[in-house]
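Visitor:
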Amino acid sequence: MIDRRRFLHLSGAACLASMTGCGATRLASPYSAHVVVIGGGFAGATAAKTLRLLNPHLKVTLVEANAYYMTCPTSNWVLAGIKSIRDLRFDYRALSQNYGVNMIIDRVTAVDAAQKTVILQRGDCLHYDRLIMAPGIDFVWDDIAGYDAEIAQRVPHAWQAGPQTRLLWRQLQAMPDNGLIVLLAPPNPFRCPPGPYERASLMAYYCQRYKPKAKILILDQKRSFSKQSLFIQGWRRLYGYGADNGRIEWQSITDNPVVALMPKNTLETDFGDRFTADVLNIIPRQKAGKIAQLTGLADDSGWCPVTPLSAESTRIPGIHVIGDAATYAGIPKSAFAANSEAKACAMAVVALLNDELPQAPLWMNTCFSLLSPSQAISVSMVYKLNSAQQIEKVKGAGGVSVKTDTASLQHESEFARHWYQSITRDTFS
Ligand SMILES: Cc1cc2nc3c(=O)[nH]c(=O)nc-3n(C[C@H](O)[C@H](O)[C@H](O)COP(=O)(O)OP(=O)(O)OC[C@H]3O[C@@H](n4cnc5c(N)ncnc54)[C@H](O)[C@@H]3O)c2cc1C
Numbered sequence: 201m202i203d204r205r206r207f208l209h210l211s212g213a214a215c216l217a218s219m220t221g222c223g224a225t226r227l228a229s230p231y232s233a234h235v236v237v238i239g240g241g242f243a244g245a246t247a248a249k250t251l252r253l254l255n256p257h258l259k260v261t262l263v264e265a266n267a268y269y270m271t272c273p274t275s276n277w278v279l280a281g282i283k284s285i286r287d288l289r290f291d292y293r294a295l296s297q298n299y300g301v302n303m304i305i306d307r308v309t310a311v312d313a314a315q316k317t318v319i320l321q322r323g324d325c326l327h328y329d330r331l332i333m334a335p336g337i338d339f340v341w342d343d344i345a346g347y348d349a350e351i352a353q354r355v356p357h358a359w360q361a362g363p364q365t366r367l368l369w370r371q372l373q374a375m376p377d378n379g380l381i382v383l384l385a386p387p388n389p390f391r392c393p394p395g396p397y398e399r400a401s402l403m404a405y406y407c408q409r410y411k412p413k414a415k416i417l418i419l420d421q422k423r424s425f426s427k428q429s430l431f432i433q434g435w436r437r438l439y440g441y442g443a444d445n446g447r448i449e450w451q452s453i454t455d456n457p458v459v460a461l462m463p464k465n466t467l468e469t470d471f472g473d474r475f476t477a478d479v480l481n482i483i484p485r486q487k488a489g490k491i492a493q494l495t496g497l498a499d500d501s502g503w504c505p506v507t508p509l510s511a512e513s514t515r516i517p518g519i520h521v522i523g524d525a526a527t528y529a530g531i532p533k534s535a536f537a538a539n540s541e542a543k544a545c546a547m548a549v550v551a552l553l554n555d556e557l558p559q560a561p562l563w564m565n566t567c568f569s570l571l572s573p574s575q576a577i578s579v580s581m582v583y584k585l586n587s588a589q590q591i592e593k594v595k596g597a598g599g600v601s602v603k604t605d606t607a608s609l610q611h612e613s614e615f616a617r618h619w620y621q622s623i624t625r626d627t628f629s
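Rendered as structure tokens:
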């Protein structure tokens with residue numbers, strides 16, 4: 201007699217009827233499996249593609265709200281004038297044409313974990329056997345009085361790439377020659393820990409050429425930041441950091457946080473200090489994407505706890521959470537990590553559908569940051585599960601780029617360019 205595991209390998213997906221009326225919940229056939237993935241970013245798109253590569257008989261549906269994806273990686277490069285917004289754009293054709301992913305462009309409005317259904321904005325209902333949730337981030341708007349999603353249309357965060365990136369770029373270009381840019385960096389944990397400092401570097405590069413008297417003030421809601429000593433060395437060399445006329449200044453405001461946005465781009469702190477900017481870039485505190493919150497996957501931290509081995513939610517069985525939305529303690533929230541988590545999760549989901557135990561994965565991350573178009577620094581690490589099933593760093597496997605001579609920094613900037621090409625190819629082609 202054919203068993204379930206063998207059947208999953210042999211059977212086609214044709215018999216699956218995944219779209220049903222919302223009232224008519226379909227019971228999962230014991231001989232078929234449908235995996236629904238929510239969110240087509242680095243995490244979700246990689247998971248959908250990997251699932252199909254691992255088992256071409258699996259039915260995989262990827263639901264993404266937008267027809268195009270705009271990458272945050274290299275979106276800071278737009279602010280140095282070395283990349284256009286158009287270069288950030290990817291579509292999902294290859295996922296459906298080359299890998300047979302069933303692509304749905306629509307927004308998921310609800311998940312019924314008891315019925316194992318996903319409800320779409322246009323009213324359709326999808327049944328799943330396993331669900332992978334990869335919705336990225338949402339923002340916490342309560343911290344700063346006078347700042348919210350609507351005001352962000354005028355005072356950009358640019359922490360989701362696309363129109364926000366364009367808005368910040370336009371404001372930078374329109375700024376007076378002696379303008380002040382104030383960048384409010386978020387508290388941990390947040391998407392792309394070195395991102396605000398790469399942004400400051402590339403805005404400084406732009407100003408050096410086109411706004412010679414402009415200055416960038418980073419107000420940081422942390423006491424320290426990723427690759428701090430490497431950034432500071434680079435800023436000293438390239439932008440006069442620490443000197444009276446230095447182009448970049450960094451201040452930790454942990455003990456005197458910004459509490460309000462006042463008229464005329466003025467930030468006010470708890471002790472009443474005021475900072476008025478020509479260009480104001482507020483990067484708010486972050487949490488898991490809205491649909492993860494609505495589904496009940498997030499805990500009090502705002503992020504979604506998972507069992508690292510399988511990425512399965514510790515709160516709702518049958519739902520896996522990957523990418524920025526998930527808590528993978530120790531692994532930073534990055535596109536590289538999201539891609540790595542997605543592959544490990546896809547392997548675990550295939551194993552679980554085959555009634556097998558997932559194998560312990562290794563996860564990887566590298567974050568490159570440009571100091572200028574031709575100089576970069578990086579941090580990398582490999583992670584594994586320890587005997588307590590917790591994530592830990594593999595000793596000796598990574599670290600920061602240590603060489604700070606010009607040739608090494610130039611090599612790093614080339615690595616950054618090649619990394620972007622390969623991660624976007626790996627995810628979307
Ligand atoms: C300025 C900046 C620079 C960065 N640079 C780097 C870098 O150099 N290297 C690096 O590794 N990382 C970098 N990152 C981090 C990286 O962008 C994120 O870690 C990565 O995008 C996380 O991928 P994700 O798939 O979890 O989320 P996302 O990329 O945000 O994807 C989530 C997707 O889910 C969709 N979605 C959300 N809700 C729904 C719903 N209800 N229904 C349907 N679809 C939904 C969204 O439309 C989106 O497409 C950078 C980030 C920023 C802001």
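Take any residue in the sequence shown, count from 1 to its spot, add 200: that is its number in the numbering used here. Glycine residues also receive a C-beta, built at the ideal position from the N, C-alpha and C atoms.
Near residue 476, which residues of its chain fall below 7 Å by C-beta distance, leaving aside the five closest residues on each side in sequence?
Guide: Reading the sequence shown from its first residue, position 276 is the one you call residue 476. Within the same chain, residue 476 has close Cβ partners 464, 465, 466.
Visitor: Report, in whole angstroms, the separation of the C-beta atoms of residue 482 and residue 334, which I expect to be a contact under 8 Å.
Guide: The residue given as residue 482 occupies position 282 in the sequence shown. The residue given as residue 334 occupies position 134 in the sequence shown. With a Cβ gap of about 26 Å, residue 482 and residue 334 do not count as contacting.
Visitor: Quick check on this structure: which residue in 364, 386, 544, 447 has the alpha carbon closest to the alpha carbon of residue 379?
Guide: In the sequence shown, counting from the first residue as 1, residue 379 sits at position 179. Of the listed residues, the one whose Cα sits closest to residue 379 is 447.
Visitor: Return the chain-ordered list of same chain residues with a C-beta closer than 8 Å to the C-beta of residue 594, the five sequence neighbours on each side being excluded.
Guide: Counted from its first residue, the sequence shown places residue 594 at position 394. Excluding residues within five positions, the ones whose Cβ falls inside 8 Å are 562, 581, 582, 583, 584.
Visitor: Can you list, in chain order, the residues of its chain whose CB lies under 8 Å from that of residue 349, leaving out five sequence neighbours each side?
Guide: Counted from its first residue, the sequence shown places residue 349 at position 149. Closer than 8 Å at Cβ, skipping near neighbours: 339, 341.
Visitor: My output table needs one value for residue 285: the three-state DSSP class, helix, strand or coil.
Guide: On the sequence shown, residue 285 is found 85 positions in, with the first residue counted as 1. Residue 285 falls in the helix class under three-state DSSP.
Visitor: Could you check if residue 607 is buried or exposed, using at least 16 other CB atoms within 10 Å of its CB as the buried criterion?
Guide: Locating residue 607 in the sequence shown gives position 407, where the first residue counts as 1. The residue is exposed, with fewer than 16 neighbouring Cβ atoms inside 10 Å.
Visitor: Just how far apart, CA to CA, sit residue 422 and residue 275?
Guide: Taking the first residue of the sequence shown as 1, we reach residue 422 at position 222. Taking the first residue of the sequence shown as 1, we reach residue 275 at position 75. The straight-line gap from Cα to Cα measures roughly 23 Å.
Visitor: Measuring CB atoms only, is the stretch 429–439 touching the stretch 307–320, in the sense that at least three cross pairs come out at less than 8 Å?
Guide: Cβ pair count under 8 Å is below three, so no.
Visitor: For the structure I just gave you, are there three or more beta carbon pairs, one from the stretch 542–550 and one from the stretch 504–524, closer than 8 Å?
Guide: The stretch 542–550 vs the stretch 504–524: in contact.
Visitor: Beta carbon of residue 510: closer than 8 Å to some heavy atom of ligand 1?
Guide: Here residue 510 is taken as the residue at index 310 of the sequence shown, counted from 1. Checking the Cβ of residue 510 against ligand 1 gives no.
Visitor: Can you give me the Cβ contacts of residue 610 inside the same chain, cut-off strictly under 7 Å, excluding the 5 residues immediately before and after it?
Guide: By 1-based counting over the sequence shown, the position of residue 610 is 410. 574, 575.
Visitor: DSSP three-state call for residue 378: helix, strand or coil?
Guide: The sequence position of residue 378 within the sequence shown is 178, counting from 1. Coil, per DSSP.
Visitor: Assign residue 355 to one of three DSSP states: helix, strand, or coil.
Guide: Against the sequence shown, residue 355 aligns to sequence position 155. Residue state, collapsed to three classes: coil.
Visitor: Which ranges would you report for the beta strand (DSSP E) in the stretch 386–458 if only whole runs of at least 3 residues count?
Guide: Qualifying beta strand (DSSP E) stretches, in chain order: 415–420, 448–452.
Visitor: Let's see if you can read the secondary structure: which residues bound the alpha helix (DSSP H) around residue 627?
Guide: Within the sequence shown, numbered from 1, the residue matching residue 627 stands at position 427. Taken as a continuous stretch (DSSP letters only), the alpha helix (DSSP H) holding residue 627 covers 606–628.
Visitor: What do you get for residue 364, buried or exposed, if any count of 16 or more other CB atoms within 10 angstroms of its CB means buried?
Guide: Sequence index remark: in the sequence shown, residue 364 carries index 164 (1-based). Per the 10 Å Cβ criterion, buried.
Visitor: If you measure between the beta carbons of residue 411 and residue 375, is that distance less than 9 Å?
Guide: Here residue 411 refers to the residue found at position 211 of the sequence shown. Here residue 375 refers to the residue found at position 175 of the sequence shown. Going by C-beta atoms, residue 411 is nearer than 9 Å to residue 375.
Visitor: Pick helix, strand or coil for residue 246, following the three-state DSSP scheme.
Guide: On the sequence shown, position 46 is the one that residue 246 refers to. Three-state result, residue 246: helix.
Visitor: Do residue 390 and residue 259 count as a contact pair if the criterion is CB distance below 9 Å?
Guide: For the purposes of this step, residue 259 is taken as residue 59 along the sequence shown, with counting starting at 1. For the purposes of this step, residue 390 is taken as residue 190 along the sequence shown, with counting starting at 1. Against a cut-off of 9 Å, the Cβ pair of residue 390 and residue 259 comes out as no contact.
Visitor: Since residue 541 and residue 516 should fall inside the 8 Å C-beta cutoff, what is the C-beta to C-beta distance between them, to a whole number of angstroms?
Guide: Here residue 541 is taken as the residue at index 341 of the sequence shown, counted from 1. Here residue 516 is taken as the residue at index 316 of the sequence shown, counted from 1. The Cβ separation is near 18 Å, so there is no contact.
Visitor: Given the structure, does residue 360 come close to ligand 1, in the sense that its CB is under 8 Å from one of the ligand's heavy atoms?
Guide: What you label residue 360 is simply residue 160 of the sequence shown in a count that begins at 1. Flag set: Cβ of residue 360 near ligand 1.
Visitor: So, for residue 307: in the same chain, excluding its five sequence neighbours on each side, which residues have a beta-carbon less than 6 Å away from its beta-carbon?
Guide: In the sequence shown, the residue the question calls residue 307 occupies position 107. Closer than 6 Å at the Cβ level, and outside the excluded window around residue 307, lie 265, 321.
Visitor: Taking 8 Å as the line, does the beta carbon of residue 308 fall inside it for any heavy atom of ligand 1?
Guide: By 1-based counting over the sequence shown, the position of residue 308 is 108. Yes, ligand 1 has a heavy atom inside 8 Å of this Cβ.
Visitor: Should the stretch 498–509 be regarded as contacting the stretch 353–362, the criterion being three or more beta carbon pairs within less than 8 Å?
Guide: No, because fewer than three Cβ pairs between the stretch 498–509 and the stretch 353–362 fall closer than 8 Å, the two stretches do not touch.
Visitor: As a quick exercise: from 451, 430, 369, 292, pick the residue whose alpha carbon is nearest that of residue 305.
Guide: Along the sequence shown, one-based indexing puts residue 305 at 105. Taking only the C-alpha atoms, the option nearest residue 305 is 292.
Visitor: How would you label residue 603, buried or exposed, when you count the other beta carbons within 10 angstroms and need 16 or more for buried?
Guide: Start at 1 with the first residue of the sequence shown, and residue 603 comes out as number 403. With fewer than 16 other Cβ atoms within 10 Å, it is exposed.
Visitor: Pick from 472, 310, 287: whose alpha carbon is nearest that of residue 273?
Guide: For the purposes of this step, residue 273 is identified with residue 73 of the sequence shown, where counting begins at 1. Answer by Cα proximity: 287.
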